[in-house]
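Position one of the sequence shown corresponds to residue 1380 (my numbering), numbered consecutively onward. Here is the structure we will look at.
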Amino acid sequence: MKYYQIDHQLDTEEVGLNIYPQTDGLTGDSTFHSKNSYSIFTHHNLPEKFEPLEQIKLANSAKQTDFISTALISGNGFILSEKVKGILEQHRLVNHRFYKIPLVHRQRALDHYYWFQMYHPAQDYINFKKSVFQLRRLRRVIKDEIRFDSIDDYWEHRKYYGPGKLFRAKEIHLHPGSYDFLYIGVGKAIFLISEKLKMKMQESGVTGYK
């Protein structure tokens, strides 16, 4: 199965020129450090539920799209429209939840958006024996063509290298029948979609992604 890396569009007519991200802060009651704060999301959790008290504000010059870029939520995921949520629910997704979140644009409420949070610590969909990694320090390759037997073997090797030295995926292979939307979280978070999902999103006119 063929996969494609997916990310937000930046500085385009579709999402808005000369801005990144599309969001521009919060409005409403301050809930920082509470269970109602957007800071509840991390790369290592999947909360049971989330009931935000604050609205996420889109910049005035931002365009309303199906994928909306933000720096306000730090977890593994995306702000998505209800339209994209419906498409994703017809496909096989890595361990995840959808959380309804309120957005506002030019003082108009946007009620049909969700935070799509993904969490799959085992990452057992990666075929480590076929995948290839590099050990890098910034842009310099220290060691090339590295292979591991499993995710546990990866972490066992990782503990011998200090800060600044990171494994980066050079070539990723997935086991047959893997997900349509997933992420690779070894070395660097990379979000992937299957060709099947890519085609469906194109047919449906989904906006805001590349």
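Ideal placement from N, C-alpha and C gives every residue a C-beta, glycine not left out. Every value quoted in this text rests on a predicted model; they were computed, and no experiment measured them.
Item to complete: Take His1554 as the anchor and find which of Ala1548, Ile1569, Ile1521 and Asn1506 has the nearest alpha-carbon.
Response: Asn1506
Worksheet item: Within 9 Å (strictly less), CB to CB, does Asn1439 reach chain B?
Response: Here chain B cannot be found, since the structure has a single protein chain.
Worksheet item: Would the beta-carbon of Ile1385 be found less than 8 Å away from any heavy atom of the ligand FAD?
Response: Ligands in the displayed structure: none, and consequently the ligand FAD is not present.
Worksheet item: Taking C-beta to C-beta, are Gly1587 and Gln1469 nearer than 9 Å?
Response: no
Worksheet item: In angstroms, rounded to a whole number, what distance separates the CA positions of Ser1460 and Lys1549?
Response: For Ser1460 and Lys1549, the gap between their C-alpha atoms comes out near 32 Å.
Worksheet item: So, helix, strand or coil for Ser1460, using DSSP?
Response: strand
Discussion item. Checking 9 Å against the spacing of the C-beta atoms, do Phe1429 and Trp1494 come in under that value?
Written reply: yes
Worksheet entry | Separation of Asp1532 from Gln1513, as counted between CA atoms | 15 Å
Worksheet item: If you scan the stretch 1478-1531 from start to end, which runs of the beta strand (DSSP E) of 3 or more residues do you find wholly inside it?
Response: 1487-1497, 1511-1516 and 1519-1525
Worksheet entry | Beta-ladder partner(s) of Gln1384, from DSSP | Leu1571
Discussion item. Any contact between the stretch 1511-1525 and the stretch 1479-1494? By contact I mean 3 or more CB pairs, one from each, below 8 Å.
Written reply: no
Discussion item. According to DSSP, simplified to helix, strand and coil, what is Leu1396?
Written reply: coil
Worksheet item: How is Ile1435 classed by DSSP in three states: helix, strand or coil?
Response: Strand at Ile1435.
Worksheet item: Alpha carbon to alpha carbon, how far is Lys1579 from Arg1487?
Response: 29 Å
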